[in-house]
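There are 2 protein chains.
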Amino acid sequence: MAEREADRSVSQTVRAQLALRDLILSGSLRPGERVSELQAVEATGASRTPVRMALVRLEEEGLLETIPSGGFMIKSFSERDILDSIELRGTLEGLAARLAAERGVSVRDLEPLRECLAQIDDLVAQDPISIEAFSSYVALNARFHALLAELSRSPPVIRQVDRACALPFASPSGFVMAQSALPEAHHILLLAQDHHRIVLDAIENREGARAESIMREHARLAARNLRAALKTRSHFDLVPASALIKTPSAS
Amino acid sequence: MAEREADRSVSQTVRAQLALRDLILSGSLRPGERVSELQAVEATGASRTPVRMALVRLEEEGLLETIPSGGFMIKSFSERDILDSIELRGTLEGLAARLAAERGVSVRDLEPLRECLAQIDDLVAQDPISIEAFSSYVALNARFHALLAELSRSPPVIRQVDRACALPFASPSGFVMAQSALPEAHHILLLAQDHHRIVLDAIENREGARAESIMREHARLAARNLRAALKTRSHFDLVPASALIKTPSAS
DNA sequence: GGTTCAGTTATTGTATACAGAAACTTCCAT
DNA sequence: ATGGAAGTTTCTGTATACAATAACTGAACC
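Chains as they are written, first to last, in the numbering used here: chain A, 511 to 761; chain B, 511 to 761.
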């Protein structure tokens with residue numbers, strides 16, 4: 511039943527996938543909780559078939575896992591899983607940066623990256639950074655990391671980096687959200703910007719090993735901050751990322 | 511073949527996925543070729559719904575890609591894509607080895623690995639290695655690499671390593687198959703065994719950086735051999751033909 | 001002869017019906 | 001009251017029907 515004709519261009523499957531992902535990331539569903547098909551059908555408005563396809567895709571994405579007896583449940587991650595996922599992302603981004611440096615990129619290719627950095631600079635200029643500026647930062651940061659991966663010009667590598675960033679807490683901006691409560695937030699942002707600048711310089715100068723190690727270190731900064739954030743705020747429920755953004759005073 | 515009535519315990523989806531994967535890996539379907547649902551239904555015996563789910567999973571696995579107008583096609587890889595995938599695997603396996611070393615593993619944990627190595631030693635003892643011994647080697651080698659990834663004790667890392675090994679040409683034994691025609695095949699096997707031994711020693715002695723770099727080098731050996739095999743362009747009967755396409759993919 | 005448009009075919013995306021299984025409830029017996 | 005068993009209920013897995021769209025074929029017109 512076509513109740514709404516919004517977004518007729520996109521398939522029901524994609525729409526269901528987006529809707530369910532938002533539902534998971536917003537924290538409406540707790541880790542370990544079973545996600546019923548009927549419930550998903552009701553939430554998305556699509557039929558069972560596209561919902562099922564969306565669930566399969568989300569499982570491959572790492573947000574869900576199959577229940578042996580049947581169906582899917584929200585995947586739950588230990589603190590170590592989360593930290594390992596960040597290390598993983600750093601490793602993959604390091605590989606991408608090294609490949610970019612070794613293969614060589616033109617100054618023209620670096621231009622959008624530098625532009626992105628400049629915009630971030632504008633944002634972090636204000637010391638007590640506003641909430642709106644913060645979500646802009648998140649978007650720009652994600653964009654920078656995506657562009658960086660693409661510099662490798664290697665579809666397999668880009669693909670894996672994307673996968674690694676799909677987990678909300680492992681995403682390049684995940685730590686930013688988690689750290690928003692930290693007193694030294696501004697200092698960390700500046701440090702991250704330094705990393706960004708260094709990696710671009712390393713790539714430009716074809717210093718592959720340096721580009722790689724700085725990206726690894728960059729991820730470790732994220733891991734450290736996340737750990738600190740987890741320590742200060744005792745609530746450890748998977749860091750519902752978008753929730754942290756929208757409602758900074760949650761819980 | 512002859513797995514038509516087997517395993518009624520597993521779901522149709524899984525069976526279809528296995529069957530289709532074999533079909534793709536066997537080279538029956540050329541890269542870029544569209545894989546029709548009806549055709550897949552006929553080949554697997556399952557209905558459209560499980561076939562469709564299997565196709566989605568295989569796409570996430572990297573063997574298929576979606577056609578914008580609808581449906582799926584066999585993914586095609588350029589030579590560089592293949593080499594990059596091997597480098598990627600090496601990077602991930604390096605991470606796994608490093609984590610294992612840093613975290614520390616008991617001698618007991620290493621036992622199955624060493625047992626595996628001993629069995630491989632037995633196989634490579636014969637200089638002109640037989641075909642049967644070769645397929646045993648492939649299985650044992652895959653097992654060793656899988657066990658090694660598990661030493662990291664990190665589900666996210668294990669997961670990604672598995673993914674990276676899913677591509678047939680990037681799998682740890684892919685190069686073995688490709689190199690089977692090479693004159694220096696035996697020498698290469700011995701070299702690979704050296705790598706295997708070294709990485710275990712490094713892990714046992716908690717030398718994380720060494721464990722990591724040796725696994726990277728190990729993958730580069732594979733890449734080099736594959737490149738040599740591609741150059742000579744000898745028989746690729748053992749290697750999944752769909753991988754070794756000569757089409758210089760656009761972009 | 002080439003190009004375009006229309007009719008036809010085939011294939012995908014979606015919805016739904018059906019069967020089997022797992023979980024929950026209820027009732028009986030110890 | 002508690003444990004177990006049977007019935008019920010809900011859910012998933014599978015099959016299939018239907019609709020819309022993309023691809024193909026053929027013919028007519030330029």
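C-beta: ideal position from N, C-alpha, C; glycine also. These figures come from a predicted structure and were not determined experimentally.
Step through the CB atoms of chain B and report whether any lies within less than 8 Å of the CB of residue i.
i, result
"Glu621 (chain A)", "no"
"Glu717 (chain A)", "no"
"Thr601 (chain A)", "yes"
"Leu605 (chain A)", "yes"
"Arg567 (chain A)", "yes"
"Met451 (chain A)", "Chain A is shown from 511 up to 761; residue 451 (chain A) falls before or after that span and cannot be answered."
"Asp632 (chain A)", "no"
"Leu598 (chain A)", "yes"
Report the three-state DSSP secondary structure of residue i (helix, strand or coil).
i, result
"Pro750 (chain B)", "In this prediction, Pro750 (chain B) has a pLDDT of 47, which is less than 50 and means its spatial position is unreliable; what the coordinates show is noted afterwards. Three-state result, Pro750 (chain B): coil."
"Leu623 (chain A)", "helix"
"Asn651 (chain B)", "helix"
"Val667 (chain B)", "helix"
"Asn715 (chain A)", "coil"
"Pro678 (chain B)", "helix"
"Ser521 (chain B)", "coil"
"Gly604 (chain A)", "helix"
"Val615 (chain B)", "coil"
"Glu694 (chain B)", "coil"
"Ala639 (chain A)", "Per the sequence shown, residue 639 (chain A) should be read as Ile rather than Ala. The answer is coil: DSSP assigns Ile639 (chain A) none of H, G, I, E or B."
"Ser645 (chain A)", "helix"
"Ser723 (chain B)", "helix"
Is residue i close to chain A? Criterion is C-beta to C-beta, closer than 8 Å.
i, result
"Met583 (chain B)", "no"
"Val551 (chain B)", "no"
"Pro560 (chain B)", "no"
"Pro665 (chain B)", "yes"
"Asp672 (chain B)", "no"
"Glu570 (chain B)", "yes"
"Leu492 (chain B)", "Outside the displayed span of chain B (511 to 761) sits residue 492 (chain B), for which this structure offers no information."
"Ser595 (chain B)", "yes"
"Leu548 (chain B)", "no"
"Asp704 (chain B)", "no"
"Asp591 (chain B)", "yes"
With a cut-off of 8 Å on the beta carbons, I'd call residue i and residue j a contact; round off their distance for me.
i, j, result
"Arg525 (chain A)", "Thr554 (chain A)", "7 Å"
"Glu667 (chain B)", "Ala659 (chain B)", "The identity of residue 667 (chain B) in the sequence shown is Val, whereas the question assumes Glu. Val667 (chain B) to Ala659 (chain B), Cβ: 7 Å. Contact."
"Leu650 (chain A)", "Cys626 (chain A)", "6 Å"
"Arg608 (chain B)", "Ala719 (chain B)", "7 Å"
"Ile584 (chain B)", "Ala680 (chain B)", "The pair is not a contact, with the Cβ atoms about 16 Å apart (cut-off 8 Å)."
"Phe587 (chain A)", "Glu569 (chain A)", "14 Å between Cβ atoms; not a contact."
"Ile713 (chain B)", "Ala611 (chain B)", "5 Å"
"Arg544 (chain A)", "Ile577 (chain A)", "7 Å"
"Cys675 (chain B)", "Pro682 (chain B)", "6 Å"
"Val566 (chain B)", "Ala550 (chain B)", "So it is not a contact: roughly 12 Å between Cβ atoms."
"Leu573 (chain A)", "Leu710 (chain A)", "Actually they do not touch by this definition, with Cβ atoms about 32 Å apart."
"Leu623 (chain B)", "Phe654 (chain B)", "6 Å"
"His696 (chain B)", "Ile639 (chain B)", "7 Å"
"Leu661 (chain B)", "Val615 (chain B)", "5 Å"
"Ala606 (chain A)", "Val671 (chain A)", "6 Å"
"Ala564 (chain A)", "Leu539 (chain A)", "Their Cβ separation, rounded to whole angstroms, is 14 Å, which puts Ala564 (chain A) and Leu539 (chain A) out of contact at 8 Å."
Checklist line | Stretch-stretch touch, CB-based, cutoff 8 Å, three pairs: the segment 726 to 736 of chain B with the segment 700 to 707 of chain B | finding: yes
Check: What are the complete beta strand (DSSP E) segments, minimum 3 residues, inside the segment 527 to 598 of chain B?
Finding: The qualifying runs are 574 to 576 and 582 to 584.
Check: Taking one C-beta from the segment 710 to 727 of chain B and one from the segment 601 to 621 of chain B each time, how about it: are there three or more such pairs within less than 8 Å?
Finding: yes
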